[in-house]
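First the structure, in the form of structure tokens, and then the observations on it.
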Amino acid sequence: MRRALLAIAAAAAVVVTATPADAEPAIDADRYRTDGGDYAFQYRYEGANRNCTVSAEPTTVRCVIAPPAGTRITVGRRVVRPNAIEITERGWRYLEDRTPQEKLRALPEGARLSVLGASCTAIRGGGIECTLNGVGFRQASGTFAPQGKRAR
Numbered sequence: 379m380r381r382a383l384l385a386i387a388a389a390a391a392v393v394v395t396a397t398p399a400d401a402e403p404a405i406d407a408d409r410y411r412t413d414g415g416d417y418a419f420q421y422r423y424e425g426a427n428r429n430c431t432v433s434a435e436p437t438t439v440r441c442v443i444a445p446p447a448g449t450r451i452t453v454g455r456r457v458v459r460p461n462a463i464e465i466t467e468r469g470w471r472y473l474e475d476r477t478p479q480e481k482l483r484a485l486p487e488g489a490r491l492s493v494l495g496a497s498c499t500a501i502r503g504g505g506i507e508c509t510l511n512g513v514g515f516r517q518a519s520g521t522f523a524p525q526g527k528r529a530r
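Count the sequence shown with our numbering and you get residues 379 to 530, in order.
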């Protein structure tokens, strides 16, 4: 009897330690699906002006971000400061996003949205982290860091 109780206690300890207390809860993606028939998802994070879109064919994540100071890109014949990042399987790249802001549903802090092979987590305390097949970025605490290869 004593061995059986010890075995049960040991198994319970393994289960408890295998699930971190701060694990991000997965969110029902259908709550963030866009209207119009295309297979896309939109949400906002960290206030009203930061948003992300995840779309299909090919899977693409596009988020409004604040890149490091001094970052510049060429758009047409203009050199501008980017305000968005796009990640695909090919890599990441900065963009200038001029899309009008819509009122989107917020992704709660600490929640993770996983669709189409992409995963984005709203970081507790403000920020976002998104990945797609080893390519992605993290924006938190005033810092921005891309990860993986840069698209050409």
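No residue lacks a Cβ here, since even glycine has one placed at the ideal position from N, Cα and C.
Taking a contact as a CB-CB distance under 8 Å, the pair V513 and G448 does not count as one, their CB atoms being some 23 Å apart. Looking at the DSSP output, T499 shares a beta bridge with R490, E507.
Shortest Cα-Cα distance from S519 to any of E507, K527, P436, R409 involves E507.
Here DSSP, grouped into helix, strand and coil, assigns A523 to strand. Per DSSP, reduced to three states, the secondary structure at A462 is strand.
Our two residues, R471 and E424, have alpha carbons roughly 21 Å apart in a direct line. Pairing V442 with I451 gives a Cβ-Cβ distance that is not under 8 Å. Under the DSSP assignment, Y421 falls in the beta strand (DSSP E) whose first and last residues are 418-422. The beta carbon of V493 sits closer than 7 Å to the beta carbons of A407, F419, V432 from its chain, once the five residues preceding and following it are set aside; these are given in chain order.
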